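Counted the way my numbering counts, the sequence shown spans residues 348 to 577.
What follows is a single structure, written as structure tokens, with notes after it.
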Amino acid sequence: MNVGIFTTIKITNGIPLFWDKHHKRLISQAEKLNVGRPHISLQEIQIYLKHNSLTDCALKITITKHKGLIFEHRQLPLILPTYKLITVRDTRNHWKIYKTTDRAVNEHAKKLAEEKDADDALFTLDDTIIESTICNVFSLNKQGKIITPPIRARGLNGITRQLIRENIKVLEADILDNTKHPLVLVNSIRVQKITHLNGKKLSDGQRLAQKLQTIITNCEKKYLSEKTLA
């Protein structure tokens with residue numbers, strides 16, 4: 348596979364949050380996809396952050412066989428009061444369980460969304476939601492329990508998804524693509540409620556988004572405290 352793999356890390360007070368999890372995934376996926384196993388140290392990240400006078404940002408780390416290790420950064424995204432999505436049939440190949448630089452299908456899906464005055468797209472399979480082009484998805488079932496789609500062999504088990512499931516009971520359950528229940532997107536740099544799906548307004552996901560954000564914020568505080576003491 349002639350592509351690279353990448354991860355995006357939230358930088359807070361100059362500290363890469365959950366670096367151990369990101370590092371483990373980078374190395375594992377680089378080996379599985381035959382990208383190689385380059386040496387990636389926390390010190391290299393710190394040097395890059397210091398050189399660019401960065402304390403709070405989103406840091407993208409890419410590994411390719413030919414170019415090696417690449418650092419890029421951008422501002423953390425704003426949380427928007429209105430966020431509209433469409434659904435698109437998932438035509439990605441079996442590499443979708445990895446975080447690769449082969450983003451053609453994702454980019455096409457996002458372009459389709461923008462053409463329909465939406466912000467992003469949700470991939471669907473057999474009338475059920477898998478994930479968005481850049482985020483995992485959470486919702487509530489009829490009993491009010493937090494759920495997330497089963498993604499084994501279907502999508503990426505994102506690090507924020509892992510953290511949430513490590514800290515609160517979450518059921519894996521199908522979410523239909525015509526749902527009207529609350530939907531919330533999560534990735535390593537944001538928690539964003541969805542307000543509209545395919546032009547239809549969803550039940551307000553603010554409470555669910557706040558609950559998930561509180562879990563992540565507590566995880567971040569704990570991580571920062573441990574790294575500061577160390």
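Note that beta-carbon positions come from the ideal geometry of N, C-alpha and C, so glycine has one too.
What you are looking at is a predicted structure, and each value in this text was computed from that prediction instead of being measured.
Rounded to whole angstroms, residue 478 and residue 388 show a C-alpha spacing of 30 Å. Here the C-alpha atom of residue 567 lies approximately 32 Å from the C-alpha atom of residue 524. Taking a cut-off of 8 Å on C-beta distances, the region 350-359 touches the region 442-453, as three or more cross pairs fall below it.
In this model, residue 497 and residue 474 are separated by some 14 Å (Cα to Cα).
Restricting attention to 552, 377, 466, the CA atom closest to the CA of residue 432 is found in 466.
The three-state secondary structure of residue 482, taken from DSSP, is coil. Three or more Cβ pairs drawn from the region 502-512 and the region 360-372 lie within less than 8 Å of each other, which places the two stretches in contact.
Annotation for residue 406: 356, 358, 420 place their beta carbon closer than 6 Å to its own, counting only its chain and skipping 5 residues before and after.
Assigned with DSSP and collapsed to three states, residue 370 falls in helix. Secondary structure of residue 420 (DSSP, three-state): strand.
The beta-carbon distance between residue 373 and residue 410, rounded to whole angstroms, is 6 Å. This is short enough to meet the 8 Å contact definition. In the structure shown, the three-state DSSP call for residue 543 is strand. Looking at the DSSP output, residue 548 bridges to 543.
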